[in-house]
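This note's numbering numbers the first residue of the sequence shown as 135 and each following residue consecutively.
So the structure is just underneath, and the comments pick up after that.
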Amino acid sequence: MAGFDIFDTIEELRRTGDAFCVATVLRTADATSAKAGGKAAITRDGTVLGHLGGACVQRAVRAAAQEALVSGEPKMIRVKPSNKVVSMADPDGVQTYKSGCPSGGTVDMLIEPYQHAPRLIIFGDSPIAQALASHAALAGLHVCLPEGAENTVKFTPFDPNDLNALGVEARDFVVVASQGKDDGAALKAALQSPARRVSMVASRRKAEVLCAQLETQGLSTEQTKRLKSPAGLDIHAIDPHEIALSILAEIIMWRNSDKSQETSHDEKMA
135 MAGFDIFDTI
145 EELRRTGDAF
155 CVATVLRTAD
165 ATSAKAGGKA
175 AITRDGTVLG
185 HLGGACVQRA
195 VRAAAQEALV
205 SGEPKMIRVK
215 PSNKVVSMAD
225 PDGVQTYKSG
235 CPSGGTVDML
245 IEPYQHAPRL
255 IIFGDSPIAQ
265 ALASHAALAG
275 LHVCLPEGAE
285 NTVKFTPFDP
295 NDLNALGVEA
305 RDFVVVASQG
315 KDDGAALKAA
325 LQSPARRVSM
335 VASRRKAEVL
345 CAQLETQGLS
355 TEQTKRLKSP
365 AGLDIHAIDP
375 HEIALSILAE
385 IIMWRNSDKS
395 QETSHDEKMA
């Protein structure tokens, strides 16, 4: 791997915006090709970029990386010979993985997930959509706007007719702010996505009519009930920037309340 630099690789992965993990060798015992301080990046599809040791270690790292990406939390793991594994966790609490490699060594590693900020996917190029993009960028969200849109903030363009290509995740938010331009198609794509929340800049009556139409086109009631409309908290907003602030405040409320519920659930399960 001449010329390979793990830190350049990590920076390149960060620029792509996709999630990945960094694995660092903390300690080794007995014979092993892994060395303390060794690092590798593990992509979402399980590709290991860097050297961590033999195939047995890499299998464990791939499995642990997938778990870390789901939980969003760093974790320590220990890979050791099968005949030395008594349970799935050692007395010190470190999760263990069996190794069948002939070297017989033990490797302790730290797995750290990296995830981009939640995406705010905005349908439309209306004044409210533009204002929302500007405010969302300041709040640290990863802004996505339709191809051809213009804004002073950095954003990822997407094809409104192919939202799947964007790779929408359950961590993301979608706001339909098309305001009369292809509203039905935009709302259908948003409600069919796995986004955490979907809201629309529209009156409650308009949203009900659009949802009813979408149900005749095959969407389920469960899908249409995901919609929050009008979008935003009721702060008596009037102009586009005030409305954008009300929408962003609601998204931040959702994001933080969901985090609190996840933390409470984890504490109860502990």
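Quick reminder that beta carbons are idealized off the backbone N, C-alpha and C, glycines included.
Being a predicted model, the structure only gives us computed values, none of them experimental.
Pair within 8 angstroms by beta-carbon distance, residue i and residue j
| i | j | result |
| --- | --- | --- |
| D259 | A283 | yes |
| H185 | A199 | no |
| D164 | R212 | no |
| P247 | A329 | no |
| L379 | H269 | yes |
| A341 | S327 | no |
| R253 | D306 | yes |
| Q357 | L325 | yes |
| A383 | I377 | no |
| G188 | S205 | no |
| T240 | L183 | no |
| V343 | L361 | no |
Which residues DSSP lists as bridging residue i, in chain order
| i | result |
| --- | --- |
| K214 | K232 |
| R161 | D242 |
| I110 | What is shown of the chain runs 135 to 404, which leaves residue 110 out entirely. |
| A174 | A157 and G184 |
Beta-carbon contacts of residue i that lie in its chain and below 8 angstroms, excluding the five residues immediately before and after
| i | result |
| --- | --- |
| G171 | T158 and V159 |
Own chain residues within Cβ distance below 6 angstroms of residue i, not counting five before or after
| i | result |
| --- | --- |
| R196 | G180 |
| K209 | A202 and I245 |
| A194 | V213 and Y231 |
| L300 | F292 |
| K322 | L348 |
Distance between residue j and residue i (C-alpha atoms, nearest Å)
| i | j | result |
| --- | --- | --- |
| D373 | C278 | 22 angstroms |
| R161 | K169 | 8 angstroms |
| A267 | N217 | 56 angstroms |
| K402 | N295 | Residue confidence is low: K402 scores 45 on pLDDT, short of 50, so the model does not pin down where it sits. Its coordinate-derived value is still stated next. Their backbone Cα atoms lie some 42 angstroms apart in a straight line. |
| R148 | F141 | 11 angstroms |
| V335 | G352 | 23 angstroms |
| L244 | I369 | 45 angstroms |
| E281 | F289 | 10 angstroms |
| T286 | Q264 | 9 angstroms |
| L297 | G318 | 14 angstroms |
| M222 | K214 | 11 angstroms |
| G151 | T355 | 33 angstroms |
| C345 | S337 | 12 angstroms |
| V156 | A251 | 17 angstroms |
| A304 | K359 | 17 angstroms |
| E225 | I262 | Sequence check: residue 225 is Pro here, not Glu. Spanning the two alpha carbons is a distance of roughly 56 angstroms. |
| G227 | A365 | 45 angstroms |
| Q229 | C190 | 15 angstroms |
| I381 | E146 | 32 angstroms |
| Q192 | I176 | 10 angstroms |
| H375 | T350 | 35 angstroms |
| F138 | R178 | 20 angstroms |
| R389 | L275 | 11 angstroms |
Heavy atom of the ligand NAD within 7 angstroms of residue i beta-carbon
| i | result |
| --- | --- |
| K315 | The ligand NAD is not part of this structure, which contains no ligands at all. |
7 angstroms Cβ shell around residue i - same chain, five flanking residues per side excluded
| i | result |
| --- | --- |
| I386 | A273 |
Cutoff 8 angstroms: residue i Cβ touching any chain C Cβ
| i | result |
| --- | --- |
| D373 | Protein chains in the displayed structure number just one, and chain C is not present. |
>> Measuring CB atoms only, is the segment 250–268 touching the segment 305–321, in the sense that at least three cross pairs come out at less than 8 angstroms?
In response: Yes, the segment 250–268 touches the segment 305–321.
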